[in-house]
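Novice:
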Amino acid sequence: MPLVNSWASVWSLSVLAESRFGAMSTAFRDKSATNTKALWILIGVLLVAGGLAVIIRFLYVQHQKRLSSHDPGRLYRELCTAHKLSRAHRRALLKLARALKLSQPGLVFLDPSVWPDADKLRELVGNRLYGVLCQVRRHIYQETSSASLTSYTD
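The opening residue of the sequence shown carries number 1243 in the working numbering; numbering runs sequentially from there.
(1) Beta carbon of L1371, beta carbon of V1356: below 8 Å?
(2) Contact between the segment 1305-1315 and the segment 1333-1351: three or more CB pairs below 8 Å?
(3) Does the Cβ-Cβ distance between H1305 and V1378 come in under 8 Å?
(4) If we call anything under 8 Å between Cβ atoms a contact, is L1363 one with L1375?
(5) In chain order, what residues of the same chain have a beta carbon less than 7 Å from the beta carbon of P1354, not counting five sequence neighbours either side?
(6) At which residues does the alpha helix (DSSP H) containing D1361 begin and terminate?
(7) Do the CB positions of L1352 and P1358 come within less than 8 Å of each other?
(8) By a C-beta neighbour count over all protein chains shown, 10 Å radius and 16 as the cutoff for buried, is A1291 buried or exposed?
(9) Would you mind sorting Y1318 into buried or exposed? The rule is 16 or more other CB atoms within 10 Å of its CB.
What follows is the structure, given as structure tokens:
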């Protein structure tokens, strides 16, 4: 009988082990399903973050290219901003630059010799813009001497 008892004990241990391993495998299967969901969520979040990083990098590179490119319009806008010119003053200066056929509208800020004399200026832009441009010229070049103002008075 001892042999039967030993076989019975082995059989009972194997059944017990099988049921415990079965329960453990079910628990691991349930945990792995949860872990798989979390893994897919993590992968999704990482893909979205990576996509955003690529888009931001692309936009940054495009912005840097625009900053380093030769853009006369951007120079003109920056000079207008630096001199705190109103929208009406900006438009008047652009009309003057077009009337003078300047390739770079920013030249009206850099070189006072670009500006025509008072009679020619009045002829180019008309009486209404003439007064505005006289104010702008005084502001840009901070003209206060009577000699520079006599040719540009209303």
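Built from N, CA and C at the ideal position, the CB exists for glycine as well. This structure is a prediction, so every number in the text was calculated from the model and none was measured.
Specialist: For this structure:
(1) Locating residue 1371 in the sequence shown gives position 129, where the first residue counts as 1. Locating residue 1356 in the sequence shown gives position 114, where the first residue counts as 1. At least 8 Å separates the beta-carbon of L1371 from that of V1356.
(2) Contact holds: three or more Cβ-Cβ distances are below 8 Å.
(3) Indexing the sequence shown from 1 puts residue 1305 at position 63. Indexing the sequence shown from 1 puts residue 1378 at position 136. Going by C-beta atoms, H1305 is not nearer than 8 Å to V1378.
(4) Taking the first residue of the sequence shown as 1, we reach residue 1363 at position 121. Taking the first residue of the sequence shown as 1, we reach residue 1375 at position 133. For the 8 Å CB-CB criterion, L1363 and L1375 form a contact.
(5) To locate residue 1354, count along the sequence shown from 1; it is residue 112. Counting only Cβ-Cβ distances below 7 Å, and skipping sequence neighbours, we find Y1383.
(6) To locate residue 1361, count along the sequence shown from 1; it is residue 119. Here the alpha helix (DSSP H) through D1361 covers 1360-1383.
(7) On the sequence shown, residue 1352 is found 110 positions in, with the first residue counted as 1. On the sequence shown, residue 1358 is found 116 positions in, with the first residue counted as 1. By the CB criterion at 8 Å, L1352 and P1358 fall outside the cutoff.
(8) Looking up residue 1291 in the sequence shown gives position 49. For A1291, the number of other beta carbons within 10 angstroms of its own is below 16, and it is reported as exposed.
(9) Stepping through the sequence shown from its first residue, residue 1318 is reached at position 76. Flag for Y1318 reads buried.
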